[in-house]
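J.: I have a structure here, written as structure tokens, and I will follow up with some questions on it.
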Amino acid sequence: MRPDLDLLVPSYVREFEPYIPSKPDPELMKLYGCSKLFRLNNNENPFGPPPAAQEIIRKFPPPQAAVYPSGDSYYLRHVVAAFHALDPDQILVGNGANEVITFVIKAFCQEGDNIITADKTFAVYEWVATFSGVGAKLIPLRDYGFDDQGMLQAIDEHTKILFVCNPNNPTGTYWSTERLRAFLDAVDGRQIVVVDEAYFEFVEQDDFPNGIALIKDYPNLVVFRTFSKMYGIAGLRIGYLAGDRQVVDTIRRTCVVYSVNTVAQEAAVAALQDNTGHVGRTRALVREVKAFLTAELAKMKLPVINGEGNFLIIKLPGSDTLAYRKLMREGIMIRSMTGFRFPNHIRITVSHMEAMEAFVTALKKTMAQ
Ligand SMILES: *Cc1c(COP(=O)(O)O)cnc(C)c1O
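Residue numbers (our numbering): 802 to 1170.
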């Protein structure tokens, strides 16, 4: 007999609309009839991993695959801790920053609680809350940035966590050190404040805060970092959170060990220790390409939202989902933003000049269609 899913499944799971990932490249190329595909949808680093991490991946001994990884990413936590002058017990590593989002929500929220974040930001905070039976209060962006006052006003007795994406994906806006401190002062330890710094390594502004350096002053602050963006190992799935020791001890209870594989742990160590200028090289590319793109888009009279990070948003005169299909036929994959409550906008990843030129050519062609 089939299970009675109406009876078995909580309503918040039944009603949740699952995210549909894109198909593998060969399937997409068949579907859209293109012979080449530039993926500009996930903010990946076109340089790939730093050379030291590439070497680790190349040299991984195949028999080692039979052996479980370190359950708590022991060596990586020590390297990360030394990097930030923290204690290794203040670091919790996950299968991508995505997984550490689930750890934090599970650790602090029960049904009836809520989290607060923005309406147009990385959607996973909202998704994990929603399918866990936790409310998500989405505060509209103000001038494309997180609205600190709006978030503070939305706090109620059931609020457990405030999520701030700094800089924000997809708008690239950020809170300065002063603004983040003022927010943390106002929260005053009553809730957990998560600052997601997935794009930290791309930002070169003097007033941009290093959240991890603020943890000693604000024990309710939890900071996320990932190896998927600047460090180019998105495919290996690894990211971490940092926080006050007691807070991290609490979050650790909700984390399933062995979710982070050995290659990812070792490649992440190598990525942090790389001394070939990977970060500087990537930043230089992002600067150069953003200058090229903004000039081209200005010529096309298309409005752009261009902040920090290796991505920017373009406002189109028409449907973004239609533009997605047209660009796919030209071998260009962008992120259509309707699903992020940004209708008629697309987000594109800053990549190699070859891909950027192909994108501009394809955009011109599809807009004339
Ligand atoms: C890409 C991204 C992440 C997730 O990174 P993973 O470590 O690959 O799970 C988290 N937050 C933001 C804002 C991102 O853009």
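The C-beta atom is built at its ideal place from N, Cα and C for all residues, glycine as well.
Looking only at DSSP bridge pairs, what is residue 1200 linked to?
T.: Absent from the structure is residue 1200, since the part of the chain shown begins at 802 and ends at 1170.
J.: Using CA atoms only, rank isn't needed, just tell me which of 958, 1132, 1140 is closest to residue 911.
T.: 958
J.: Could you give the residue range of the alpha helix (DSSP H) that holds residue 1128?
T.: 1121-1130
J.: Helix, strand or coil for residue 977, going by three-state DSSP, please let me know.
T.: coil
J.: Give the single residue among 870, 1152, 1095 whose Cα lies nearest to the Cα of residue 1083.
T.: The shortest C-alpha separation from residue 1083 is found at 1152.
J.: So, with DSSP's three-state summary, where would you put residue 807?
T.: helix
J.: Thinking residue 1041 and residue 850 are a contact (beta carbons under 8 Å), I'd like their distance in whole angstroms, please.
T.: That belief does not hold up - the Cβ atoms of residue 1041 and residue 850 are roughly 17 Å apart, past 8 Å.
J.: Is the segment 1124-1132 in contact with the segment 819-826, if contact means three or more CB pairs nearer than 8 Å?
T.: no
J.: Going by the C-beta, is residue 1083 closer than 6 Å to any heavy atom of ligand 1?
T.: False, no ligand heavy atom lies under 6 Å from that Cβ.
J.: Do you know whose CA, among 1087, 1013, 842, lies nearest residue 1005's CA?
T.: 1087
J.: According to DSSP, residue 1052 sits in a beta bridge with which residue or residues?
T.: In the DSSP assignment, no residue is bridged to residue 1052.
J.: Let's test the definition: count the other Cβ atoms within 10 Å of the Cβ of residue 821 and tell me whether it reaches 16, buried, or not, exposed.
T.: exposed
J.: Which partner residues of residue 897 appear in the DSSP bridge assignment?
T.: None; residue 897 has no bridge partner.
J.: Roughly how far, in whole angstroms, is the beta-carbon of residue 946 from the beta-carbon of residue 969, given that I think they are within contact range, below 8 Å?
T.: Yes, they are in contact, since the Cβ atoms of residue 946 and residue 969 sit about 7 Å apart, within 8 Å.
J.: Using a Cβ-Cβ cutoff of less than 8 Å, which residues in the same chain neighbour residue 817 once the five nearest sequence positions on both sides are dropped?
T.: 928, 931, 932
J.: From residue 909 to residue 1054, what distance separates their C-alpha atoms?
T.: A direct Cα-to-Cα measurement between residue 909 and residue 1054 gives close to 11 Å.
J.: Would residue 901 and residue 1025 be called neighbours here (beta carbons separated by less than 7 Å)?
T.: yes
J.: Would you please state the rounded distance, in angstroms, between the beta carbons of residue 938 and residue 967? I believe it to be under 8 Å.
T.: About 18 Å separates the two Cβ atoms, so there is no contact after all.
J.: With a threshold of 16 other CB atoms inside 10 Å of the CB of residue 964, please say whether the residue is buried or exposed.
T.: buried
J.: Have a look at residue 1104 and residue 1145 and give me their C-alpha separation to the nearest angstrom.
T.: Approximately 11 Å between the Cα atoms of the pair.
J.: Are three or more beta carbon pairs between the segment 1093-1108 and the segment 1119-1126 nearer than 8 Å?
T.: no
J.: Please name the residue in 1072, 1019, 1058, 1027 whose C-alpha comes closest to that of residue 1048.
T.: 1019
J.: Enumerate in chain order the residues of its own chain whose CB-to-CB distance from residue 981 is below 8 Å, with the five nearest sequence positions on each side excluded.
T.: 965, 967, 996, 1010, 1012, 1015
J.: Say the cut is 6 Å; is the CB of residue 817 nearer than that to a heavy atom of ligand 1?
T.: no
J.: May I have the straight-line CA-CA distance separating residue 751 from residue 904, to the nearest angstrom?
T.: Absent from the model: residue 751. The displayed extent of the chain is 802 to 1170, so no value can be given.
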